[in-house]
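Taking it in order: structure first as structure tokens, then the write-up.
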Amino acid sequence: MFFFFKLPLVTLLLFLTSFAHSFTLTWNNPPRFPSGNITIKVNTTNCSVGGVSESYTEIQTLLKEAVDNYWNQIYSSSLNFKVEGTITVDNSDTALLNAADNFIAVGCHDMGNSSSSYAAASLSCSQLNGVCINAKGYMYINENANSPWANAERGIKVAILAHEIGHTIGIGHSEKSYALMYYATNNSDIQTYLSEDDADAATFLYPDDPALLGLGGDCGAVASTQSPHPHKKTFLYTLSPLIGLLLGALFILCTRRARSFFRRSAS
Ligand SMILES: [Zn+2]
13 MFFFFKLPLV TLLLFLTSFA HSFTLTWNNP PRFPSGNITI KVNTTNCSVG GVSESYTEIQ
73 TLLKEAVDNY WNQIYSSSLN FKVEGTITVD NSDTALLNAA DNFIAVGCHD MGNSSSSYAA
133 ASLSCSQLNG VCINAKGYMY INENANSPWA NAERGIKVAI LAHEIGHTIG IGHSEKSYAL
193 MYYATNNSDI QTYLSEDDAD AATFLYPDDP ALLGLGGDCG AVASTQSPHP HKKTFLYTLS
253 PLIGLLLGAL FILCTRRARS FFRRSAS
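The sequence shown begins at 13 in this note's numbering and counts up one residue at a time.
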């Protein structure tokens, strides 16, 4: 009896597969590091203690927690941050940007007396033929005496560094309020874990399998740098339902071996 159910099901499956769309990539090289193996180097120059009292080794420890608790956890992404090595430059946004050279430079910067920002970060990238040839990730903690960093809890500091690391590898802000990359940085809004939305963005830019580039998760999480290609239907595409039907009919009518297989499995 199961045979009578199974055969139409196979026919239906063969028919439906002819409707399946093939994916095309509409994204053309958004800024990103050439691979997921990314090194984070901390500036040895002391920050202004009024805003950032941590030594550079303490900042390294916080950064290690940020990558281990967040970005290095994503099984579908090739991201594998290492916090090792140092740089020695002035503490300023431009000095950190200039120091970065296919790694992420982390230090301090005075973001102004009225600033309520904990930190800021970005990714600069020289592109040659659409490919990043010199990825400069840089991040600075606000060392102003009125910086909210000074009185933040340790877990909040780790989450802030994780959020900023997201910016240094090319991830923008998420509209999802539960995401680490949500734009608001009020204490109550900072996430203590990596959300699926963040993982989607990381997997989109740094997929575990390079063949999956751009196919990982919700594309809406990452801003497009290019308008989508118009969807063109080829002649073969138009004919594909008919081809699917013919293949299905061929399979059912001509394959005696398959028929006997179904009879055996039905008994
Ligand atoms: Zn941000």
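For glycine and all other residues, C-beta sits at the position ideal for the given N, C-alpha and C. Everything numeric in this text was worked out from a predicted model, so none of it was measured.
Contacting residues, own chain, Cβ-Cβ under 6 Å from residue i (five flanking each side not counted)
| i | result |
| --- | --- |
| Tyr195 | His185 |
| Met123 | Ser129, Asn154 and Asn156 |
| His243 | The pLDDT assigned to His243 is 48, lower than 50, so where the model puts this residue is not dependable, and the model offers no usable value. |
| Lys188 | Asp209 |
| Ala147 | Phe45, Asn114 and Cys137 |
| Ile86 | Ala211 and Ala214 |
| Gly62 | Ala157 |
| Ser60 | Glu155 |
| Tyr68 | Val54 and Thr56 |
| Ser104 | His121 |
Coarse secondary structure for residue i, derived from DSSP in three states
| i | result |
| --- | --- |
| Lys169 | helix |
| Gln72 | helix |
| Asn154 | strand |
| His175 | helix |
| Asn49 | strand |
| Lys42 | Looking at the sequence shown, residue 42 is not Lys but Pro. Here Pro42 sits in coil by DSSP. |
| Gly124 | coil |
| Val79 | helix |
| Ala133 | strand |
Check: residue i C-beta below 7 Å from any heavy atom of ligand 1
| i | result |
| --- | --- |
| Tyr195 | yes |
| His185 | yes |
| His121 | no |
Bridge partners - residue i, DSSP secondary structure assignment
| i | result |
| --- | --- |
| Cys144 | Gln139 |
| Tyr205 | According to DSSP, which records beta bridges pairwise, Tyr205 is partnered with nothing at all. |
| Tyr194 | Ser186 |
| Pro219 | Ser89 |
| Ile99 | Asn55 |
| Ile255 | Per DSSP, none; premise fails for Ile255. |
| Gly119 | Tyr152 |
Min CB distance residue i to chain C below 8 Å
| i | result |
| --- | --- |
| Glu208 | Annotation note: the requested chain C is absent from the structure, which comprises a single protein chain. |
Residues near residue i by beta carbon distance below 8 Å, same chain, minus five either side
| i | result |
| --- | --- |
| Ala78 | Val170, Ala171, Leu173, Ala174 and Ile177 |
| Tyr218 | Arg44, Phe45, Ser47, Gly48, Ser89, Ser90, Leu91 and Ile181 |
| Ile50 | Leu91, Asn92, Phe93, Lys94, Phe115, Ile116, Gly149 and Ile181 |
Chain-order list of residues whose beta-carbon lies under 7 Å from that of residue i (same chain, five-residue window excluded)
| i | result |
| --- | --- |
| Asn158 | Asn125 |
| Tyr190 | Gln203 and Ser207 |
So, do the segment 140-148 and the segment 91-105 have three or more beta carbon pairs nearer to each other than 8 Å?
-> no
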